[in-house]
Amino acid sequence: MTALDIIPEVTCPPTDLWSDEPPLASDLHLQQIIILLSCLELLWRERSDYYASGNLTIYYNEEQLKKRDFWGPDFFVVLDTEKRPRKSWVVWGEQGKYPDIIVEILSDSTANIDRNNKKILYQNIFRTPNYFWFDPNSLELQGFRLIEGQYQAIAANEQGYLWSEQLGLYLGIFDRKLRYFTVDGQLVPTPQEAELQQRQAKEQAILEKEQAILEKERERQAKEKLAQKLRELGIDPDTI
6 MTALDIIPEV TCPPTDLWSD EPPLASDLHL QQIIILLSCL ELLWRERSDY
56 YASGNLTIYY NEEQLKKRDF WGPDFFVVLD TEKRPRKSWV VWGEQGKYPD
106 IIVEILSDST ANIDRNNKKI LYQNIFRTPN YFWFDPNSLE LQGFRLIEGQ
156 YQAIAANEQG YLWSEQLGLY LGIFDRKLRY FTVDGQLVPT PQEAELQQRQ
206 AKEQAILEKE QAILEKERER QAKEKLAQKL RELGIDPDTI
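Okay, so the sequence shown: first residue is 6 according to the numbering used here, each after it adds one.
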């Protein structure tokens, strides 16, 4: 028997795992997740060094698999990773990376878990730097920053927005939805809003061009009228 014969076989848990999340609590939850995803993808359209998803299981240890104790944030972002489709987020298959920001959308059935169990999990196990929760009905918004291993509440600015240093953006409420705001307080548009803004900008540019053409035509007509009047008075307008 050789030394190799007595070395126990090392097995690794699988990394190609499907997400195992329950259905979303309501259409409000779905709409909110879509807004958070689509706005970030539009804003970061030139970037390929992050992964963002919603209602997707995060697998973080083998014991969790055995107990089928699955946890999936409503929305999360992992920085400094490859942007590509995934069936789930498997920590041991992603160089040990956990989410850098998590947002939970509260509901009557999940609010207590989100405020307590998940907060403890994200603080103690995931070590997620920024954790937010938002209630689409009551519009409650809370945010936490991990400081020396403990979540500390993020203070709101004058507009009521909460800063995420991980995203480099504020999170705040606009039209009863959780939205992103830039460092100078500008609303980050959805793709539909951005398309509308572009269309309106083009229409405004066309209108301004047409107005400029009309103004030049009015000036030409006024000059021609003045020239005609001078000629009637026996004055050559070209000599003036």
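Each residue gets a CB set at the ideal place from its N, CA and C atoms; glycine is no exception. On a predicted model such as this, the values are computed, not experimentally measured, just so you know.
Within the DSSP bridge table, the entry for W76 names I63 as partners. A direct Cα-Cα distance of roughly 46 Å separates N162 from I218.
In the DSSP assignment, the residues bridged to E109 are W138.
Cβ contact annotation for L111 (same chain, cutoff 6 Å, sequence separation greater than five): D119, W138 and D140, in chain order. Secondary structure of G148 (DSSP, three-state): strand.
Check the Cα spacing between Y55 and each of E224, L238 and R89: the tightest is with R89.
Taken through DSSP and simplified to helix, strand or coil, L172 comes out as coil. The alpha-carbon of V82 is positioned some 31 Å away from that of R204. Contact fails between the segment 183-197 and the segment 154-161, because fewer than three Cβ pairs, one in each stretch, are under 8 Å apart. Each residue's CA atom was taken as its position, placing P194 and L48 some 8 Å apart. Taking 8 Å as the cut-off, the beta carbon of L192 is found no closer than this to the beta carbon of L167.
The bridge partners DSSP lists for A57 are V82. If you look at L183, you'll find it in the beta strand (DSSP E) that goes K182 to F186.
Within the DSSP secondary-structure output, G177 pairs in a beta bridge with R184. As DSSP reads the structure, W97 sits in no beta bridge. Using a 10 angstroms sphere on the CB of T244, the tally of other CB atoms stays under 16, which defines it as exposed.
In the displayed model, L192 falls within a strand according to three-state DSSP.
Nearest neighbour of P196 by Cα position, chosen from T133, F80, I39 and N121, turns out to be I39. A residue is called buried when at least 16 other Cβ atoms come within 10 angstroms of its Cβ; N135 meets this threshold and is buried.
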